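Here is the structure we will look at, set down as structure tokens.
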């Protein structure tokens, strides 16, 4: 509503940056808690609320975004001793996504590589993984609309316009899923990846495929079909892995004749 009335000004963005500056530095959480207590809020709620507002303002005033501020805050967040919180990552990366056009090419490439690496660990929460993907797409200027395979279908994974990072992430996820399927297969013999890592790999493939409008590689599709096969679910349960149909999903219904 404010943007429609022309009431959003760069001064608001600067004020929010001033409020959030150093919020991920050592001792900042305690300071935020003290400040928030004075107005009846939880410290984390105050910081996250400010980041959510900054992301929305940046969406409307992207040309006024300070990429150096966002870069510095992201570096501080990812350097935290106990790791970056998934919700904090998602909020900061929302702002980064909207400000992506303001990043110099070299800095955008560096951040893109970092985001790709973090996605490729397959240990991010779904919300954080989705935010990483969106920021990566914006920073690499990947255009999902250009990935149309015809008749509104997604492009195949071997098209000339498919970004290299997409190929690399799907290949890495394929390795995780292959190891999981083999580890829970009849032969066994190897320790499969954890259920959490396998689930994150499947989610990541789905997220980047949907956001990029590109079909995942054929081998990944085959592994996903194997993961939802009743026999694998049963074998995983026999191995006390904790995998159940509710985790890997129900088997697909038979195709109509």
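Residue numbers (this note's numbering): 711 to 967.
Yeah, the Cβ is synthetic: ideal placement off N, Cα and C, and Gly gets one too.
Please read all numbers here as calculations on a predicted model, not as lab measurements.
Going by alpha carbons, who is nearest to residue i out of the options?
| i | options | result |
| --- | --- | --- |
| residue 823 | 845, 914, 731, 909 | 845 |
| residue 783 | 842, 772, 803, 810 | 803 |
| residue 871 | 765, 923, 934 | 923 |
| residue 763 | 778, 724, 732, 789 | 724 |
| residue 921 | 873, 796, 769 | 873 |
| residue 939 | 891, 910, 917, 878 | 891 |
| residue 930 | 878, 757, 837 | 878 |
| residue 912 | 925, 884, 819 | 884 |
| residue 778 | 936, 727, 908, 795 | 727 |
| residue 893 | 755, 936, 733, 910 | 936 |
| residue 718 | 770, 905, 907, 827 | 770 |
| residue 795 | 907, 757, 932, 906 | 757 |
Using a threshold of 9 Å, state whether the C-beta atoms of residue i and residue j are closer than that.
| i | j | result |
| --- | --- | --- |
| residue 832 | residue 767 | no |
| residue 829 | residue 781 | no |
| residue 839 | residue 914 | yes |
| residue 852 | residue 876 | yes |
| residue 721 | residue 772 | no |
| residue 808 | residue 765 | yes |
| residue 790 | residue 825 | no |
| residue 805 | residue 785 | no |
| residue 916 | residue 926 | yes |
With respect to the alpha helix (DSSP H) encompassing residue i, which residues constitute its N-terminal and C-terminal limits?
| i | result |
| --- | --- |
| residue 843 | 836-849 |
| residue 820 | 815-829 |
| residue 882 | 874-893 |
| residue 805 | 796-808 |
| residue 723 | 720-730 |
| residue 787 | 777-788 |
| residue 871 | Per DSSP, residue 871 belongs to no alpha helix (DSSP H) and is neither H nor E. |
| residue 924 | Run containing residue 924: none; DSSP gives neither H nor E here. |
Does any C-beta atom of chain C lie closer than 9 Å to the C-beta of residue i?
| i | result |
| --- | --- |
| residue 818 | The question asks about chain C, but that chain is absent: this structure has only one protein chain. |
Put residue i into one of helix, strand or coil per three-state DSSP.
| i | result |
| --- | --- |
| residue 857 | With a pLDDT of 49 at residue 857, under the threshold of 50, the predicted position of this residue should be treated as unreliable, though the coordinate-derived value follows. Helix at residue 857. |
| residue 740 | With a pLDDT of only 44 at residue 740, under the threshold of 50, the placement of this residue in the model should not be trusted; the figure read from the coordinates follows. If DSSP states are grouped into helix, strand and coil, residue 740 belongs with the helices. |
| residue 901 | coil |
| residue 832 | coil |
| residue 734 | coil |
Between residue i and residue j, which are expected to be in contact by the criterion C-beta below 8 Å, what is the C-beta distance as a whole number of angstroms?
| i | j | result |
| --- | --- | --- |
| residue 761 | residue 787 | Incorrect: roughly 10 Å between the Cβ atoms, too far for contact. |
| residue 837 | residue 800 | 5 Å |
| residue 843 | residue 918 | 5 Å |
| residue 797 | residue 810 | Rounded, the Cβ-Cβ distance is 21 Å, inconsistent with contact. |
| residue 881 | residue 903 | The Cβ separation is near 15 Å, so there is no contact. |
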